[in-house]
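Going by numbering that gives the first Met the number 0, the first residue of the sequence shown is number 0, and it counts up by one from there.
Ideal Cβ placement from N, Cα and C applies to all residues, glycine included.
From a predicted model like this one, the values you see are computed outputs, not experimental measurements.
What follows is a single structure, written as structure tokens, with notes after it.
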Amino acid sequence: MRAFVTGGAGYIGSIVARQLLDSGHEVTVYDSLAKGYREAVPARAKFIQGDILDEASLSAALGSGKFDAVLHFAALIEAGESMIDPGRFFKNNVTGSATLIDAAVKSGVRKFVFSSTAGLYASKDTPLNEDDPLGPASVYGETKLMVEKMLGWYHEVYDLRYAALRYFNAAGGFSDRGEAHQPESHLIPIVLQVALGQREHVSIYGEDYPTPDGSCVRDYIHIADLASAHLLALEALEDRPVMTYNLGNGEGYSVKEVIETARKVTGHPIPAVTAPRRPGDAARLVADASRISIDLGWEPRIPALETIIASAWEWHSRHPEGYSTE
Ligand SMILES: NC(=O)c1ccc[n+]([C@@H]2O[C@H](COP(=O)([O-])OP(=O)(O)OC[C@H]3O[C@@H](n4cnc5c(N)ncnc54)[C@H](O)[C@@H]3O)[C@@H](O)[C@H]2O)c1
């Protein structure tokens, strides 16, 4: 299969690109490098530097190969930032995706896999399934919901086959690639930066949430498990034209539990300080991922938080400065 991977210089896209190549697919990565790294793009992939907002560049890139599928990872991802500058997120994530989906369909692409998020659900005390009420706590979550809806209409009008994969929190390293966001806002890499001596402490944003220890609760999924679900979904699009799946472990860990586990893994005291709540954070987001398990046979192979953090720690200790930004 010929796959066009937007955002393939980023954390998740580069690892899915690697798994696609390892499974014998041809991969073209399209990324502006606004947040990603050229170095993260697998050597066997073709690389095109371009923006999904640039219709001409996108159409030329899509026209350069007969692509069977688009895997769309390119987005701004920071929920907190989306509450400060919503316009940037609507433009990049919604207008950018609209430009991409339209150009893809018009170049003959029939399959589309979209990186959606747990952030489009309303917070809930028990694991969330795909039929639970939606209610994004941030503009970021809202942009993902808008793109899911757009895909529904492109299916209706053009028969585009698509899978919306609602990731909970991806974490860990794989195949000499790891999590390196610009700027870093994700808990596990931040905690590990403290262990590496690059930050003095980690902040716990809010200790008064309605959770057992008062800090936010999240579901962490190992990046290799997340990536493998994309290959299954791509294959399944032959028989199932529309799919929406949660991708998570079904276990919730509080911010404090993550910090404690990282202390155990790294042997570092990892000082933590309490800070006020951040706008855009839901109290608890934990997946019920039984639907993809029943439909496609997907199961997380690395479910333990300690193993996930250990794999992240391995990457961060070997790449303390992350990727080079050249
Ligand atoms: N990391 C997570 O835990 C998580 C959770 C839920 C959903 N997601 C979604 O998964 C996708 C990948 O996330 P990630 O963690 O790998 O983020 P990332 O920032 O590492 O990667 C995103 C990539 O998209 C590129 N990009 C952004 N805007 C672009 C544009 N306009 N044109 C071209 N390229 C552009 C960036 O340069 C970057 O390489 C995103 O869509 C994100 O919303 C991630």
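What are the boundary residues of the alpha helix (DSSP H) that residue i is part of?
i      : result
Lys105 : Gly95 to Lys105
Tyr139 : Val138 to Tyr157
Glu25  : Unbroken run through Glu25 is the beta strand (DSSP E), Glu25 to Asp30; no alpha helix (DSSP H).
Below 8 Å on the Cβ atoms is my guess for residue i versus residue j; work out the distance and round it to an integer in Å.
i      : j      : result
Glu334 : Tyr10  : Summary: the structure shown does not reach residue 334, with the chain confined to residues 0 through 325, and so no result is reported for it.
Ile189 : Arg176 : Between Arg176 and Ile189 the Cβ distance is about 18 Å, and since that is not below 8 Å, they are no contact.
Gly279 : Ser137 : 3 Å
Lys255 : Ile203 : 7 Å
Ala232 : Val112 : 6 Å
Tyr29  : Ile47  : 5 Å
Ala282 : Pro209 : 6 Å
Ser253 : Asp212 : 5 Å
Have a look at residue i and residue j and give me their C-alpha separation to the nearest angstrom.
i      : j      : result
Thr116 : Arg160 : 19 Å
Ile222 : Gly171 : 6 Å
Glu325 : Leu19  : Note that Glu325 scores a pLDDT of 44, beneath 50, so its modelled location is shaky; the value from the coordinates is reported in the next line. So the alpha carbons of these two residues sit roughly 25 Å apart.
Asp21  : Thr27  : 14 Å
Pro319 : Ser114 : 27 Å
Ile258 : Trp312 : 13 Å
Thr187 : Ala261 : Sequence check: residue 187 is Ile here, not Thr. The straight-line gap from Cα to Cα measures roughly 8 Å.
Met145 : Leu61  : 23 Å
Gly107 : Lys65  : 8 Å
Ile291 : Met242 : 9 Å
Ile301 : Ser310 : 10 Å
Phe3   : Ser63  : 11 Å
Asn92  : Thr265 : 36 Å
Glu332 : Gln181 : Past the boundaries of the shown model lies residue 332; the chain is included only from 0 to 325, so the question cannot be answered.
Glu147 : Arg43  : 30 Å
Tell me the residue span of the beta strand (DSSP E) that contains residue i.
i      : result
His328 : This structure cannot speak to residue 328, because the chain is shown only from 0 to 325.
Ile47  : Lys45 to Gln48
Tyr166 : Arg160 to Tyr166
His315 : No beta strand (DSSP E) holds His315; the alpha helix (DSSP H) holding it covers Leu304 to Arg317.
Lys110 : Lys110 to Thr116
* the region 242-262 contacting the region 29-45, beta-carbon criterion three pairs below 8 Å -> No, the region 242-262 does not touch the region 29-45.
* Segment contact flag, the region 67-81 with the region 90-105, C-beta cutoff 8 Å, min 3 pairs -> yes
* Does the count of Cβ pairs from the region 192-210 and the region 255-275 closer than 8 Å reach three? -> yes
* Is the number of C-beta pairs between the region 132-148 and the region 77-93 that are closer than 8 Å three or more? -> A contact exists between the region 132-148 and the region 77-93.
* Counting pairs of Cβ atoms below 8 Å between the region 206-216 and the region 290-309, do you hit three or more? -> no
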